[in-house]
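Undergrad: Dropping the structure in here first, questions after.
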Ligand code: NDP
């Protein structure tokens, strides 16, 4: 079975030297474990953070060890209660063709209820992140003007649509190409969008939100965050979901220069990690599941073929080559 390991910790952008491939013998599952044949894996910006040393909210990858991450696969054999061969499960042992997983850390999914890939995207951790950020962290309410960065990406695309469905009066998105701007407005129903590479974020955001914004869902950090702070209305709320513009810096960069506005405008900026909000899972699945069935939420995927392309998938996503959720197809069902 092929697996991808962290070969060396990158300084700045990962390179070919960051990854190595290895063929390994897959063991039999022990009591309580299951053997899974992976079909598809998720590619996430947080994987870049885990390449650095030091504990964050999740353990770092270790040099010489296989990397981990969200994946969906078919159970080949099981010594875990309640898991049968043939079951389809989401688990945390991606970056490999076969995985031996603790049965308690698998989540069974129904292939008839939704397309399989959706369980790694809109119906999984991605959709949940968008939902938690808007509903719990930013307390989005009817009439809000909402700005979402990274709006053509996996989380951002769902976040903007949830904002609209929750009654936001105007939803503005930013992304890194003209095609993505078209996608956001024409296919996802955002009211306005701009390409942040066309000019200063502040100027473009101000033009799209002449009356200011009430909520900022931040996926990007950096210049976007500074611009949002300047354009936020009094008592505005920011859901700090991610800061992808900073992840490949080799040195920490200075933050927004306008932090005094937090006081003047009584702003709330709150960081969150989706795993702390499991209590909202049923509510999320009910609400977003319903919107999906009604065709009121749209999503797309960028799928790379084969585990050998997984490093390229991660780099491509960080370069902005994806639209929607980035996945690697490992095997046919
Ligand atoms: P995306 O699908 O959004 O892919 C990443 C996107 O980031 C790219 O498509 C690219 O789009 C954009 N990007 C890359 N570099 C820059 C830059 N310098 N400035 C602006 N945009 C950039 O990934 P996800 O949806 O999986 O993740 C989005 C964010 O959510 C990330 O910050 C991630 O860390 C965070 N996250 C947080 C979670 C939490 O629990 N808090 C859980 C999951 C994700 P473009 O072409 O527009 O530049």
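In UniProt numbering, the protein residues as written are 5 to 337.
Note that the Cβ used here is the ideal one computed from N, Cα and C, for glycine as well.
(1) For the ligand NDP, is there a heavy atom less than 8 angstroms away from the beta-carbon of residue 283?
(2) When you compare the CB positions of residue 99 and residue 8, do they come within less than 9 angstroms of one another, or not?
(3) Based on the DSSP output, what are the partners of residue 233 in its beta bridges?
(4) Which value, in whole angstroms, describes the spacing of the CA atoms of residue 172 and residue 295?
(5) Less than 8 angstroms separating the Cβ of residue 179 from some heavy atom of the ligand NDP?
(6) Am I right that residue 195 and residue 175 are in contact with their C-beta atoms under 8 angstroms? What's the rounded C-beta distance?
(7) Taking its Cβ as the centre, do 16 or more other Cβ atoms sit within 10 Å of residue 37, making it buried, or is it exposed?
(8) Using only CA atoms, which one of 328, 170, 54 and 93 lies nearest to residue 337?
(9) Please state if the CB of residue 213 and the CB of residue 149 are separated by a distance shorter than 9 angstroms.
(10) Can you confirm whether the region 49-69 touches the region 5-25 when touching is taken to mean that 3 or more C-beta pairs between the two stretches lie within less than 8 angstroms?
(11) Kindly give me the distance between the Cβ atoms of residue 160 and residue 153, rounded to whole angstroms, as I take these residues to be in contact under 8 angstroms.
(12) Note the first and the last residue of the continuous beta strand (DSSP E) segment covering residue 309.
(13) Does DSSP classify residue 251 as helix, strand or coil?
(14) For residue 2 and residue 81, I'd like the C-alpha separation in whole angstroms.
(15) Spell out the partners DSSP gives residue 272 in its beta bridges.
(16) Figure out for me which residue from 49, 58, 84 and 322 has the closest Cα to the Cα of residue 343.
TA: Checking against the coordinates, here is how it stands:
(1) no
(2) yes
(3) DSSP output for residue 233 lists no bridge partner at all.
(4) 16 angstroms
(5) yes
(6) 5 angstroms
(7) buried
(8) 93
(9) yes
(10) yes
(11) 7 angstroms
(12) 305-309
(13) coil
(14) A question about residue 2 goes unanswered here, because the residues of the chain that appear run from 5 up to 337.
(15) 241
(16) Since the displayed the chain opens at 5 and closes at 337, residue 343 lies outside it and no answer follows.
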